[in-house]
Structures are given as C-alpha cells and as structure tokens.
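1663 is the number that our numbering gives the last residue of the sequence shown; the numbers go up by one with no jumps.
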Amino acid sequence: MRQLLLCPPDHYGIEYEINPWMSRARGAEIPVAQAQWKGLFNKLSSLDCKIELIPPRPKLPDMVFTANAGLTIGRRFIPSNFRHEERAGEAPHFARWMEERGYEVVWLPKNLYFEGEGDALFGGDVLFCGYKFRSDINSHRAVADILGCLVISVELVDPRFYHIDTCFCPLPDGGAFWFPDAFDEYGQRAIRDHLRDLIDVVEEEAVHFSCNAVVLGREIVLPKGAPKLVTTLKDRGYTCHPLPMSEFLKAGGACKCLTMFMPQREKL
Ligand code: ARG
C-alpha cells in the first residue's frame, strides 16, 4: 500500500507571487479550495493508499504542496532548500515531522536550491530532475551522491512549467506523459533516449496541469481539463480520475504537488 503525505489547506491562499500563475489580486476561493482538497483526499483514500497529514502552519500558505518539501527514498528524507524565502520556512517543519517518524534526514548543502519531488521523479530506475527556475543543477549531483542512483538533469525552459512535475509524469510501464516544449532540446532528447512510449500532452491540456498527476499503479488521479490525454491513457489500460483543481492551479499546483510519496522509492 502506498503511503502519501498531504497537508490540509487551513492556511492556503495566494499571499505572494513566485510563479506566473499566482496573482494576489485574483486570489483563490478558499472554501472551493478546501472542497477540492477534500475531493483529492477522498479520492486517494479510496485508492488503497495510506494518507498521513502534516499539520498546516499559519503564514505558510504553500505548505499544502507537500511534494515540494523534499525527496523520500526508503527511510531517508532529503529536505528541500527552497529558492524563495516565502517558502523557506516550510523546510524545518517537514524535516522535524519526518525525523519524529524515524526517517533519517539528510540535508543538502545550504547553497544548493532543491525543491524535492517537485523537481525529482523516478522514471524506471532513473531519477529525472528539473533545474533552472527552482532547483539548481548542482543539487542534482548532490542528490545522486547521497542516493547512488542515475540522475538525469533536464533544463526547464518555460516559466509556467517551473517544476518538472508540472510537465512530466512517469508511468509504471516505463513510459511517461509530458509536455515536450517545457524542456530544451537536449532535455527532450535525454528523456526520449531513456523512456519509451512517451505520450505528448498538447499545450491546451498541459496548461490545466494535466501532467501533475498522482499515479498509483493503473489508477491516475489528475486535474480535469485533459480529455485527449484521458482517452490515450484509457487506451493504454489506465483508469483516470479527473478532479477539479482550479483553486490550486491559481497557485501553480495541482494533484501531484499536493501529494508527496513516502517514500517515492522503497529501494534503489
Ligand atoms: N505556489 C507554489 C510555488 O510556486 C506552488 C508549488 C506547486 N508545486 C509543484 N510541484 N509544482 O512554489
């Protein structure tokens, strides 16, 4: 059974602007956000997962995006070094919480920005890591040294897709779905060289954060607004569960960013 970490949206809101989706003037509808988060929680609970909840903290509105808190492999947790000071206060809460549950917390050097599972996803045995807008490329080498696995660093080129999990979603059969234009040519080539049967997501669907999906075996929980992708995934034998996520899109996040795998990988 997969174990997931979520954070209730008690203190969620658009209180600063650190990516192109966020607008304080527009804000988010908080009661709607709470209902959407509950919908995600209920859906994941129904799919044979164990959900842990970390208590939300005031003045840390993005703490709901637990995927960005760090990377968990086996019993080791590598906390994030957030690029933006608005989010830096989240890190000690997550580190303490993981430590209290017996995880070994392994910090990266403080000068290397790294935003956890938001920028680090396994496709097969390879850890694909995104860099530029948030994580530093040098953090990937440090992660590779800690984990001893093959890390492939790919540059993100479109500020709307500032974390790798906004434009790339590996599948258990060795493939992935992705929005290729979010990567430079070299990154596209690196991904194509390592993964077969890639599903290209069209821009109209990528902007609904359709790549920001939680994959649980053959079940895929994703934001609604991607009918073409859903049809393709169905043809490949997956069951899709599209959910309304509008109020989290306004912060630049959706289903996957709201979920951290504990662990993402049991063993390497
Ligand atoms: N407002 C948050 C930020 O800009 C959203 C994070 C969403 N997470 C993600 N993995 N894309 O950091």
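Glycine included, C-beta positions come from ideal geometry on N, C-alpha and C.
Nearest to residue i (by Cα), restricted to the options the options
i, options, result
"residue 1436", "1654, 1505, 1611", "1654"
"residue 1534", "1513, 1503, 1544", "1503"
"residue 1641", "1403, 1411, 1424", "1424"
"residue 1626", "1600, 1647, 1649", "1600"
"residue 1578", "1637, 1651, 1559", "1559"
"residue 1483", "1493, 1464, 1491", "1464"
"residue 1524", "1537, 1546, 1613", "1546"
"residue 1441", "1422, 1399, 1421", "1399"
"residue 1663", "1505, 1543, 1529", "1543"
"residue 1622", "1631, 1635, 1613, 1612", "1635"
"residue 1429", "1521, 1649, 1530", "1649"
"residue 1491", "1607, 1449, 1417, 1478", "1449"
"residue 1564", "1582, 1516, 1532", "1516"
"residue 1708", "1591, 1630, 1555, 1660", "Residue 1708 lies beyond the range of the chain shown here (1396 to 1663); nothing can be said about it."
"residue 1620", "1570, 1598, 1460", "1598"
"residue 1443", "1451, 1608, 1397, 1475", "1397"
"residue 1414", "1557, 1541, 1628", "1557"
"residue 1433", "1401, 1445, 1628", "1401"
"residue 1419", "1608, 1646, 1633, 1486", "1646"
"residue 1541", "1447, 1452, 1466", "1466"
"residue 1630", "1644, 1461, 1618, 1613", "1613"
"residue 1480", "1521, 1529, 1520, 1446", "1529"
"residue 1658", "1421, 1462, 1406", "1462"
"residue 1446", "1403, 1487, 1427", "1403"
"residue 1652", "1606, 1438, 1591", "1606"
"residue 1451", "1506, 1487, 1581", "1487"
Per DSSP, cross-strand counterpart(s) of residue i
i, result
"residue 1595", "1573"
"residue 1476", "1509"
"residue 1515", "1524"
"residue 1446", "1399"
"residue 1468", "1471, 1660"
"residue 1542", "Note: residue 1542 sits in no beta bridge, so no partner."
"residue 1489", "Answer is none; residue 1489 lacks a bridge partner."
"residue 1609", "1616"
"residue 1578", "1551"
Supposed contact pair residue j and residue i - C-beta distance, whole angstroms, cut 8 Å
i, j, result
"residue 1512", "residue 1656", "7 Å"
"residue 1587", "residue 1593", "7 Å"
"residue 1638", "residue 1610", "That belief does not hold up - the Cβ atoms of residue 1638 and residue 1610 are roughly 14 Å apart, past 8 Å."
"residue 1624", "residue 1602", "Contact flag wrong, Cβ pair sits at about 12 Å."
Under the three-state DSSP convention, the category residue i falls into
i, result
"residue 1566", "coil"
"residue 1415", "coil"
"residue 1651", "coil"
"residue 1550", "strand"
"residue 1438", "helix"
"residue 1614", "strand"
"residue 1504", "coil"
"residue 1459", "helix"
"residue 1590", "coil"
"residue 1642", "helix"
"residue 1636", "strand"
"residue 1499", "strand"
"residue 1625", "helix"
"residue 1602", "coil"
"residue 1560", "helix"
"residue 1409", "coil"
"residue 1631", "coil"
"residue 1426", "helix"
"residue 1530", "coil"
"residue 1483", "helix"
"residue 1584", "helix"
"residue 1452", "coil"
"residue 1536", "helix"
Proximity test, Cβ basis, 8 Å: residue i and chain D
i, result
"residue 1500", "Absent from the structure is chain D; it holds one protein chain and no more."
Contact between the stretch 1566–1575 and the stretch 1531–1551 (3+ Cβ pairs under 8 Å): no
Pairs of beta-carbons, one from the stretch 1404–1412 and one from the stretch 1452–1469, closer than 8 Å: are there three or more? yes
Do the stretch 1489–1498 and the stretch 1457–1473 meet, that is, are 3 or more Cβ pairs less than 8 Å apart? yes
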